[in-house]
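Engineer: The structure follows.
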Amino acid sequence: MSARAHLISARPLCRHSDGEEVQTQVLALAGLATLEIGFGYCRACGHIYQVRPPSAAILDQHYAAFSNYTCFDPAAARTAPPAASTRRLLTLAEARAPRAGTVYEVGCATGFHLRHFRSAGWDVGGCDPSPKAAAQAQDLFGIAVDCGFEAEILPRQKDLAVVVFSHVLEHLSDPLAALTRARDALRDDGVVLLEVPCAIAPHLMPPGWFTFEHLQYFSENALLRMLHAAGLAPIELRVAFKAELYPVIAVIAGKGAQQSRPTEDKLAALQARQFLDVLVWRDDSLWGATSRRLRDLTGPAYVWCAGVHTAQLFDRTELLKSADVLGIVDRDAQKWGHLQAERAIISPEDFRARYDEEPVVISSFASEAQIAQSLAEYGIAPKRIVRLYG
Ligand SMILES: [Zn+2]
């Protein structure tokens, strides 16, 4: 058990315990036990969070074994242009951050953002709990990554020009503490640069927006209150509604006066409730539409992709009951030989050896079109490819 175990708590930012659950998920995760978790908000301060999170042991196992942000194609990674997410961070840093010194990224994975910050003139460093990702950062880009959790590593850093959190804070059980540590590691004119999913515009969310890896969900208001409580003063804030699968918010913030932790805020609680009413209603209707696409699927079938989306698909539709799922195919070798919902996870090669004209359900919202194309290239008849969205 890691040192993180004691950090998991079901308390929102205000530290009250007035959480109301609005969505329950029962997830059969790849290679892990089936678990029940709950999502909701704090009736005192309006913060949206997992009111019943998974145990720290489950999360640690998930990140260590399966979700470690390593890359499949090192040759392509070496020459890849900056991703849209990297460009958003870079343009904000170039506009508002000190132009010399060290950019240190928390949860930097393989260093795919940092290499572009280095090209733009900064010194770079970072930390990540995944030994595989840290090793890849060194091999691919020559970036030395401190392997471990930020709670242990950030306190050893000082005089940083920029601390980056790109889609990291929502995974942490105590993001306010992490931001406070980041502030303490900054030089006087240093900044924190962060991006997280934004709890805004529920009609733009994909099915399954509430996901077990995300312990926190930030509205603009909640994020600003948290920054002030960490002693950070926002300099610029940008919301991008359609840049990713869901809206994201980026903020750059310098050192400021530390304000008290957010406490009771009835207006924020009401706004959270309204956001969640629409989100949950819409999520139910999206999964209802998916169920209708699967209605006629009886008999043997395969599912393509063993991941959190598939755990949600099994939870929100009758697929496991109506069809005979023979196996779940995934290209991630770390998952092969494990089970998901008691079905074997197999490699694409293994699948091709066994395949006998059964329907193949693509279980991915983000990559559905791309997977459908690969399946067609494998020679699977179009009428056997079951798409849930497109
Ligand atoms: Zn609260």
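If you read the sequence shown in my numbering, its first letter stands for residue -13, the second for the next number, and so on.
Idealized CB from N, CA, C, for every residue including glycine.
As the structure is a computational prediction, the values presented were derived from the model and not from experiment.
Does the Cβ of residue -2 lie closer than 7 Å to at least one heavy atom of ligand 3?
Structural biologist: In the structure shown, ligand 3 is absent; the only ligands present are ligand 1.
Engineer: For residue 297, which residues of its own chain have a beta-carbon under 6 Å away from its beta-carbon, when the five flanking residues on both sides are left out?
Structural biologist: 13, 14 and 15
Engineer: How about residue 191 and residue 74: are their beta carbons less than 8 Å apart?
Structural biologist: no
Engineer: Exposed or buried, what is residue 202 when buried is set at 16 or more other beta-carbons lying within 10 Å of its beta-carbon?
Structural biologist: buried
Engineer: I'd like the list of long-range same chain contacts for residue 368, defined as Cβ closer than 6 Å, with 5 residues on each side in sequence excluded.
Structural biologist: Answer for residue 368: no residue qualifies.
Engineer: Taking 8 Å as the threshold, find out whether the stretch 338 to 358 comes into contact with the stretch 288 to 303 through three or more Cβ pairs.
Structural biologist: yes
Engineer: Whole angstroms are fine: how far does the CA of residue 176 sit from the CA of residue 107?
Structural biologist: 16 Å
Engineer: Here's the rule I'm using: 16 or more other beta-carbon atoms within 10 Å means buried, otherwise exposed. How should residue 189 be labelled?
Structural biologist: exposed
Engineer: Please determine whether the Cβ atom of residue 33 lies at a distance below 7 Å from any heavy atom of ligand 1.
Structural biologist: yes
Engineer: Can you tell me the Cα-Cα spacing of residue 238 and residue 227, whole angstroms?
Structural biologist: 18 Å
Engineer: Any idea if residue 397 is buried or exposed, counting beta-carbon neighbours within 10 angstroms, 16 or more meaning buried?
Structural biologist: The chain is shown only over -13 to 376; residue 397 falls outside these bounds and no answer can be derived.
Engineer: Quick check: what's the CA-CA separation for residue 122 versus residue 112?
Structural biologist: 13 Å
Engineer: Beta strand (DSSP E) containing residue 186: first to last residue?
Structural biologist: Here residue 186 belongs to no beta strand (DSSP E), and DSSP marks it neither H nor E.
Engineer: Quick check: is any heavy atom of ligand 1 less than 7 Å from the C-beta of residue 171?
Structural biologist: no
Engineer: Answer with buried or exposed for residue 260, where buried requires no fewer than 16 other C-beta atoms within 10 angstroms of its C-beta.
Structural biologist: exposed
Engineer: Beta carbon of residue 377, beta carbon of residue 31: below 8 Å?
Structural biologist: Here the chain comprises residues numbered -13 to 376, so residue 377 is not present and cannot be evaluated.
Engineer: Which residue wins for smallest C-alpha separation from residue 135, given the options 146, 129, 116 and 125?
Structural biologist: 116
Engineer: Can you name, in chain order, every residue of its own chain whose Cβ lies under 6 Å from the Cβ of residue 374, other than the five neighbours on each side?
Structural biologist: 276 and 279
Engineer: Kindly examine ligand 1 and report whether one of its heavy atoms sits closer than 7 Å to the Cβ of residue 200.
Structural biologist: no
Engineer: According to DSSP, simplified to helix, strand and coil, what is residue 2?
Structural biologist: Coil.
Engineer: Taking residue 284 as the reference, which of 265, 305 and 295 has the closest Cα?
Structural biologist: 305
Engineer: Pull up the distance between the alpha-carbon of residue 355 and that of residue 376, whole angstroms please.
Structural biologist: 7 Å
Engineer: Alpha helix (DSSP H) containing residue 49: first to last residue?
Structural biologist: 42 to 51
Engineer: Does residue 284 come out as helix, strand or coil in the three-state DSSP assignment?
Structural biologist: Looking at residue 284 - three-state DSSP - the assignment turns out to be coil, as it is neither helix nor strand.
Engineer: Counting C-beta neighbours from all protein chains within 10 Å, is the total for residue 326 16 or more, i.e. buried, or is it exposed?
Structural biologist: buried
Engineer: Inspect the CB distances between the stretch 122 to 132 and the stretch 31 to 51 and report whether three or more fall short of 8 Å.
Structural biologist: By the Cβ rule, the stretch 122 to 132 does not count as touching the stretch 31 to 51, because fewer than three pairs are nearer than 8 Å.
Engineer: So, are the CB atoms of residue 165 and residue 223 less than 8 Å apart?
Structural biologist: No, these two residues do not count as a Cβ contact at 8 Å.
Engineer: Given residue 4, which residues of its chain have a CB within under 7 Å of its CB, disregarding the five upstream and five downstream residues?
Structural biologist: Hits under 7 Å: 28, 29 and 30.
Engineer: State yes or no: is the C-beta of residue 156 within less than 8 Å of the C-beta of residue 178?
Structural biologist: no
Engineer: Just the C-alpha distance for residue 317 and residue 231, rounded to the nearest angstrom, thanks.
Structural biologist: 22 Å
Engineer: Please report the straight-line C-alpha distance between residue 302 and residue 193, rounded to a whole angstrom.
Structural biologist: Whole-angstrom Cα-Cα distance: 10 Å.
Engineer: In terms of residue numbering, what span does the alpha helix (DSSP H) encompassing residue 294 cover?
Structural biologist: Element bounds for residue 294: 294 to 302.
Engineer: As an exercise, report each continuous alpha helix (DSSP H) stretch of at least 4 residues that is fully enclosed by the stretch 98 to 153, in chain order.
Structural biologist: List check, alpha helix (DSSP H) in window: 100 to 105, 117 to 127 and 136 to 139.
Engineer: Residue 99: beta carbon under 7 Å from a heavy atom of ligand 1?
Structural biologist: no
Engineer: In this structure, what does DSSP give as the bridge partners for residue 220?
Structural biologist: 239
Engineer: Does the Cβ-Cβ distance between residue 34 and residue 216 come in under 8 Å?
Structural biologist: no
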